[in-house]
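Numbering (full-length UniProt numbering), first residue to last: 1 to 74.
Rendered as structure tokens:
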């Protein structure tokens, strides 16, 4: 994910997210520059690798019902 400088300039609430994404890492350069690919815009651009965060998909809270068999009688 990448911190957007446009959102930095705008005054927002303390708890509002300052991150956009997810992006796909295309290439990592030795000087700390990371080339990322934006799949929605079909564009690749270079950013500083320091503020990047890994994207973790939200945990699914869907429940599945499982029917158990009765234990055998002894």
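We put the beta carbon where it would ideally sit given N, CA and C, even for glycine.
Since this is a predicted model, take the numbers as computed values, not measurements.
- When the beta-carbon positions are compared, residue 28 and residue 48 stay at least 8 Å from each other.
- Contact check for residue 55 and residue 38: beta-carbon distance about 13 Å, past the 8 Å limit, so the pair fails to qualify.
- Minimum Cα-Cα distance from residue 43 among the listed residues 52, 21 and 59 corresponds to 21.
- Annotation for residue 65: no beta strand (DSSP E) segment contains it, and DSSP assigns it neither H nor E.
- Judged by beta-carbon spacing, residue 36 lies beyond the 8 Å limit of residue 50, meaning their Cβ atoms are not closer than that value.
- Listed in chain order, the beta strand (DSSP E) runs fully inside the stretch 37 to 64 are 43 to 48, counting runs of at least 3 residues.
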